[in-house]
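*Asks:* Below is the structure I would like to discuss, written out as structure tokens.
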Amino acid sequence: MTQKIDPTNDPKSLSLTRRSSQPVFAVSATLQMSWARVILITLAGVVSHTFGRGTMPLLLPAIAEDLKLNATASGATGSVNMAAYLCGVVTVTYLASRVPPAVLLKCGLWVVLSGLLCLGTAPNTSQLMVGTALAGLGGAGIWLTMPIIATADVPVTKRGIVMGSLTATMAVGSIVVPFATSTLRGVINNDGAWREIWLLETASAAIILAIVYFVLRGNISTPLPLGAGIKAINRLQAWKIAVFFYMAFAFVAASWFQFFGLSLESDHGMSREFTTQLWALMGVGGVVGAVIFGRLSDRFGRPRTMCLVTAIGATTCLLVLVGNTWAAALAAVLYGTTGMAVPPLTAAFVRDQVAEQDFTAVFGAMTIFYGPASVLGPLTGGVLADLTGSYFFTYSLLAIVFAFAAVAAWYLPEAEQSNH
Numbered sequence: 374m375t376q377k378i379d380p381t382n383d384p385k386s387l388s389l390t391r392r393s394s395q396p397v398f399a400v401s402a403t404l405q406m407s408w409a410r411v412i413l414i415t416l417a418g419v420v421s422h423t424f425g426r427g428t429m430p431l432l433l434p435a436i437a438e439d440l441k442l443n444a445t446a447s448g449a450t451g452s453v454n455m456a457a458y459l460c461g462v463v464t465v466t467y468l469a470s471r472v473p474p475a476v477l478l479k480c481g482l483w484v485v486l487s488g489l490l491c492l493g494t495a496p497n498t499s500q501l502m503v504g505t506a507l508a509g510l511g512g513a514g515i516w517l518t519m520p521i522i523a524t525a526d527v528p529v530t531k532r533g534i535v536m537g538s539l540t541a542t543m544a545v546g547s548i549v550v551p552f553a554t555s556t557l558r559g560v561i562n563n564d565g566a567w568r569e570i571w572l573l574e575t576a577s578a579a580i581i582l583a584i585v586y587f588v589l590r591g592n593i594s595t596p597l598p599l600g601a602g603i604k605a606i607n608r609l610q611a612w613k614i615a616v617f618f619y620m621a622f623a624f625v626a627a628s629w630f631q632f633f634g635l636s637l638e639s640d641h642g643m644s645r646e647f648t649t650q651l652w653a654l655m656g657v658g659g660v661v662g663a664v665i666f667g668r669l670s671d672r673f674g675r676p677r678t679m680c681l682v683t684a685i686g687a688t689t690c691l692l693v694l695v696g697n698t699w700a701a702a703l704a705a706v707l708y709g710t711t712g713m714a715v716p717p718l719t720a721a722f723v724r725d726q727v728a729e730q731d732f733t734a735v736f737g738a739m740t741i742f743y744g745p746a747s748v749l750g751p752l753t754g755g756v757l758a759d760l761t762g763s764y765f766f767t768y769s770l771l772a773i774v775f776a777f778a779a780v781a782a783w784y785l786p787e788a789e790q791s792n793h
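For the sequence shown, this note's numbering gives the first residue as 374, with consecutive numbering after it.
Laid out in structure tokens, this is it:
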């Protein structure tokens, strides 16, 4: 039986909510929704996710070859990134009651920028790990504040499409980066180049930082006191199921990306040029999926849509194991379409249930649970690959975990649609 929730329509429950929870911070609502403002703000997500997180798996085959990394060490680069991201989540959740969201967003951009520069000049594995850690740490400041800033004054019936646009913008970046990588490698005649890619991203991140400063120049949002922390998760209906879903997805997402190129090259002998272009296909899928599934969730509900995308995601793990180029291409497109849609759908699910000023505390608490699973996933996948000599059991495990996530999503409660 589907549980109906409407935290906005019942005056008594609204009054009780106001008495029992003070807001983390208030975001000054714009006079009307501006798509131009939304898109420009979402460029910050390109820095945090496309540059700070998504580029590592793309370049990892070349990095592993250059620095002589085994599968466990390769997986550790993803685990370090996510562990730092978890530390950033705890920090941002604590600072949300003390620092305005726009300031946290800008600070996150600065930290990721420094991480990209560190990666672009890394001579060894130690600096590589420091760079990816900084990228993960700053990413938390961006992702936990960007949704609430972008959805200011956006009604419930449009939040799905707006949240989808956040991922769609990041997916566009995921299309550009592989082509830029291949082009730059061709120009310098080095198929194993990777530092130069991150230096190019460092320059791009600096430009995006300037754009964000311009867009948020008039933001006067101020923090308000609130006791935030992991207990904030109690404000979410069916929070245990929601946490299980998000942790299962975290385990898969951190691993799927991390080993995609490595598995295709080492297990199935596919060329580096081909696997690099698959990331562009994934980005195309991300643009389409984020918008389509965001809109579907506005119409049919977040939980049913979340169930659908994770069920499709489970099939992509099996497609990776087929070993054919068409199967790999299909896996890239489908995973981009579905996997990239889960974070904004989850954020929209949380945003539907809590007041605007409580979003960062509650979603931050969700992400605190997300962190350990995303750290464990790449380590587990890497160890399995080293023990067995291939990534077969790694992606088999990911398919099973994805299936459990789909089942959990089916049992999540719906929220009543409201224009308030």
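Every residue, glycine too, gets a C-beta built ideally from N, C-alpha and C.
1) Spatial neighbours of H422 within its chain, please: CB distance less than 6 angstroms, with the 5 preceding and 5 following residues excluded, ordered by chain position.
2) How many Å lie between W804 and L510 at the Cα?
3) Please go through the region 607–686 and give each complete alpha helix (DSSP H) segment of 4 or more residues, from N-terminal end onward.
4) Give me the residue from M519, T450, N497, L432 with the minimum Cα distance to Y465.
5) Might you give, ordered along the chain, the residues of its own chain that have their beta carbon closer than 6 angstroms to the beta carbon of A781, omitting 5 neighbours on each side?
6) What does the Cβ neighbour count give for L760, buried or exposed, with the cut at 16 atoms within 10 Å?
7) Can a CB atom of chain B be found closer than 8 angstroms to the CB of L413?
8) Whole angstroms are fine: how far does the CA of L413 sit from the CA of V588?
9) Could you tell me whether the region 652–671 touches the region 568–588, using the rule of 3 or more Cβ pairs below 8 angstroms?
10) Rounded to whole angstroms, what's the CA-CA distance from A799 to T505? Just pull it up for me.
11) What does a CB cutoff of less than 7 angstroms around T678 pick up in its chain, not counting 5 residues either side in sequence?
12) Say yes only if the C-beta of A446 is nearer than 7 angstroms to one or more non-hydrogen atoms of the ligand GDP, and no if none qualify.
13) By how many angstroms is the C-alpha of F775 removed from the C-alpha of L785?
14) Do A687 and V693 have their C-beta atoms closer together than 8 angstroms?
15) Using C-beta distances below 7 angstroms, list every residue in its chain close to P716, excluding the 5 sequence neighbours before and after it, in chain order.
16) When the Cα of A429 is compared with those of A721, A446, A417, L416, which residue comes out closest?
17) Classify Y467 as buried or exposed, calling it buried when 16 or more other Cβ atoms lie within 10 Å of its own Cβ.
18) State buried or exposed for W699, treating a residue as buried only when at least 16 other CB atoms are found within 10 Å of its CB.
19) Cutting at 7 angstroms between CB atoms, please list the residues of its own chain near S452, excluding the five before and the five after it.
20) Just to confirm my understanding: we take R608, look at its own chain, exclude 5 residues before and 5 after, and list those with CB closer than 7 angstroms. What are they?
21) Tell me whether the beta-carbon of L478 lies closer than 8 angstroms to the beta-carbon of A417.
*Replies:* Looking at the coordinates:
1) Closer than 6 angstroms at the Cβ level, and outside the excluded window around H422, lie M543.
2) Since the first and last residues shown for the chain are 374 and 793, residue 804 lies out of range.
3) Taking only runs of at least 4 residues, the alpha helix (DSSP H) segments lying wholly in the region 607–686 are 612–641, 645–673.
4) In the sequence as displayed, the identity of residue 465 is Val instead of Tyr. Here the closest residue by C-alpha is M519.
5) Excluding sequence neighbours, A781 sits near I614, F617, F618.
6) It is exposed - the Cβ of L760 has fewer than 16 other Cβ atoms within 10 Å.
7) Reference to chain B is not applicable here, since this structure consists of a single protein chain.
8) Each residue's alpha carbon lies about 7 angstroms from the other.
9) Cβ pair count under 8 angstroms is below three, so no.
10) No information on residue 799 is available, as it lies outside the stretch 374 to 793 that the chain covers here.
11) Closer than 7 angstroms at Cβ, skipping near neighbours: F666, L669, S670, L718.
12) This structure lacks the ligand GDP; in fact it carries no ligand of any kind.
13) Rounded to the nearest angstrom, the two C-alpha atoms are 16 angstroms apart.
14) No, Cβ-Cβ distance for A687 and V693 is not below 8 angstroms.
15) Exclusion of the five residues before and after P716 leaves T540 as the residues of its chain whose Cβ lies within less than 7 angstroms of its Cβ.
16) Contrary to the premise, residue 429 reads as Met rather than Ala in this sequence. Out of A721, A446, A417, L416, A446 has the C-alpha closest to the C-alpha of M429.
17) Exposed.
18) Label assigned to W699: exposed.
19) So the qualifying residues of the chain are V748, P751, L752.
20) Taking R608 as the centre and dropping the five residues before and after it, the same chain places the C-beta of S394, V727, D731, V735 closer than 7 angstroms to its C-beta, in chain order.
21) Cβ atoms of L478 and A417: closer than 8 angstroms.
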